[in-house]
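Numbering (the numbering used here), first residue to last: 76 to 188.
I have placed the structure first, in the form of structure tokens, so that the comments after it can refer back to it.
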Amino acid sequence: MLTRRLIIFSVPVLVLLSVAQSSAADSEVSGVFKGNDQPAKLMFVSAHKGTPFADKDTIKLVFTEKDHVKDERPDLKALFGDYGSALVIGIQPDGKVARDGRKTRSIRPNLGS
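Here it is in structure tokens:
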């Protein structure tokens with residue numbers, strides 16, 4: 076009887092996990108992050124509760140080259156280079172990057188032409 080209940084419970088969980096995994100696979104990101112024009116090896120990542128942005132909760136992701144686990148505010152030290160090259164991103168619980176909504180354009184240097 077216990078085995079049957081376990082199987083009945085396990086099937087919906089496995090279905091949910093496979094659906095979640097397939098949707099996560101569709102949203103993978105890959106690329107090269109460079110710091111000072113050198114490829115950075117971002118080996119450490121942590122997630123922290125961020126400050127609300129546009130009345131929505133945020134999650135702060137901190138990617139660094141050096142271990143920052145013991146630091147309470149690794150995002151601040153990462154911005155000042157204490158952990159080597161770093162990337163700090165704010166995301167909303169739905170996975171969207173927190174941004175102010177303004178359109179950005181690339182900055183082109185004036186080469187004196």
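In this text, a Cβ means the ideal position worked out from N, Cα and C, and glycines have one as well.
In the structure shown, K152 falls within a helical segment according to DSSP collapsed to helix, strand and coil.
S160 is the residue among K141, G156 and S160 whose C-alpha sits nearest the C-alpha of V107. Ranked by how close their Cα comes to the Cα of I164, the residues D146, K145 and V137 have V137 in first place. G125 counts as buried, since no fewer than 16 other beta carbons sit within 10 angstroms of its beta carbon. The three-state secondary structure of L117, taken from DSSP, is coil. Only buried fits D150, as 16 or more other CB atoms lie within 10 angstroms of its CB. Check the Cα spacing between G110 and each of Y158, A173, P168 and D142: the tightest is with Y158.
In the DSSP annotation of this structure, the continuous segment of the beta strand (DSSP E) that includes G165 starts and ends at A161 to I166.
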